[in-house]
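Residue numbers (this note's numbering): 24 to 470.
Just so you know, even glycine gets a beta-carbon here, dropped at the ideal spot from N, CA and C.
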């Protein structure tokens, strides 16, 4: 069986690996428009700050592909797919390449908001960061133009990671975020406020609830103007406003597309023997731009493509981790249940202002449905192990160090998991709200 994979990103590469693990005889080819083997994109900002090189980012060297008998074709832009005759082709080479099964792992494009003068100044001080070449282009531009002030438009995960590395290059750095808080899709208000403080403590200016109206400059970038009237000078503007699935090739091929390439639970598209995985897909009206989803899908597509229909893709529990040095932050699953999700939710959390830690666990029907862990890594393994499983509430308390303190005089309880401040952070003058006893008269209940 000849299997062609278009895209050597995490979804494409691990699809190839999982297929090889299941079938040692399959003929596997990976086509990529980039000139590099599979590399980790989350480290791209560190190329700009010169903390990393290309070799540091490459996950699988040439010998890995050789040892796994996986053929790679770099610098190859596939421009057409014929699903009826089952071949792919490219404008670069006058050749039809046949396949038995085809996997589209074509990823996503940077999203560029409708900001005036953006397109005109792309490459002239305005950049997006999506691949290795982008990172080196930005790094070289900073040096050639002796940039001093940078603005990052977008305070999401990638925007914050990028802002730290831009700051490390010595530039005055400002983050402009459209929403009223950082990481609105990953954090609740309390944790977002703590994160903002940490980012600002690094010397990065953060402006929230701000819409960029115009990028200023003619030949090169000179600054930005916001809708609220604020105006800032800058000689470098980096747009990190999310991504959008790459559906162009799928559309011209006649595949069903919407926000992404539409697939079913077997990762099959609307055309026979064509599958899709990763950032480019849409499953159950949802797109997936996270590594855990790519890993899940690569396992399912390997089984499905080889004829095993027992495993079905059911979606992936969202998990995001911030990679900034000095900040430990993980958000998993449902972190802030809304009224639309119905009732029956229970929230347990520990706010340790002394150590700037925030831990929040979300449960429903005794099942662990989500968590936010900020400034504390010890509970991550517990959450990963038990997500979507029934858990003992005592074990949850233990995982986040949230205890109940009991007044020795009247029996009143102070439950850290239900309060906005840890017991140890209460002032010495604090008194029992029931009998007026001092803080010293409370004893930790060891369950």
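Can you tell me whether residue i is helix, strand or coil according to DSSP?
i           : result
residue 182 : helix
residue 141 : coil
residue 213 : helix
residue 256 : strand
residue 291 : strand
residue 337 : coil
residue 240 : strand
residue 386 : strand
residue 188 : helix
residue 469 : coil
residue 206 : coil
residue 147 : coil
residue 108 : coil
residue 454 : strand
residue 364 : helix
residue 261 : strand
Just to confirm the assignment, what range does the alpha helix (DSSP H) spanning residue i have?
i           : result
residue 160 : 155-167
residue 37  : 33-45
residue 474 : Because the chain is modelled from 24 through 470, residue 474 falls outside the range shown and cannot be assessed.
residue 275 : 271-276
Starting from residue i, trace the beta strand (DSSP E) in both directions and tell me its first and last residue.
i           : result
residue 354 : 352-356
residue 317 : Here residue 317 belongs to no beta strand (DSSP E); instead the alpha helix (DSSP H) covers 314-328.
residue 368 : 368-375
residue 244 : 244-249
residue 442 : Per DSSP, residue 442 belongs to no beta strand (DSSP E) and is neither H nor E.
residue 450 : Taken as a continuous stretch (DSSP letters only), residue 450 belongs to no beta strand (DSSP E), as it is neither H nor E.
residue 305 : 304-306
residue 25  : 25-29
residue 268 : 266-268
Would the beta-carbon of residue i fall within 8 Å of that of residue j?
i           : j           : result
residue 42  : residue 94  : no
residue 38  : residue 325 : yes
residue 283 : residue 263 : no
residue 343 : residue 361 : no
residue 198 : residue 161 : no
residue 152 : residue 347 : no
residue 426 : residue 398 : no
residue 139 : residue 200 : no
residue 187 : residue 225 : yes
residue 150 : residue 80  : no
residue 238 : residue 155 : no
residue 128 : residue 34  : yes
residue 53  : residue 96  : yes
residue 332 : residue 289 : yes
residue 410 : residue 391 : yes
residue 393 : residue 437 : no
residue 179 : residue 269 : no
residue 82  : residue 61  : yes
residue 256 : residue 271 : no
residue 119 : residue 110 : yes
residue 137 : residue 266 : no
residue 383 : residue 444 : no
residue 356 : residue 259 : no
residue 449 : residue 352 : no
residue 286 : residue 299 : yes
residue 440 : residue 455 : no
residue 428 : residue 466 : yes
Can you name the residues that DSSP bridges to residue i?
i           : result
residue 233 : Its beta-bridge partners do not exist; DSSP assigns none.
residue 402 : In the DSSP output, where bridge partners are listed per residue, residue 402 has none listed.
residue 197 : 174, 228
residue 298 : 126, 291
residue 285 : 305
residue 393 : 356, 385
residue 133 : 266
residue 461 : 454
residue 113 : BP columns for residue 113 are empty, so no partner.
Using a Cβ-based criterion (distance less than 7 Å to any ligand heavy atom), does residue i qualify as near the ligand SAM?
i          : result
residue 85 : By its list of ligands, the structure shown contains no ligand whatsoever, and the ligand SAM lies outside what it can speak to.
Check your understanding: Considering only residues of the segment 35-104, which uninterrupted beta strand (DSSP E) runs meet the minimum length of 3 residues and lie entirely inside it, listed in chain order?
Key -> 50-54, 93-96
Check your understanding: Which full runs of the beta strand (DSSP E) of 3+ residues lie inside the segment 406-440, going along the chain?
Key -> 427-430, 436-438
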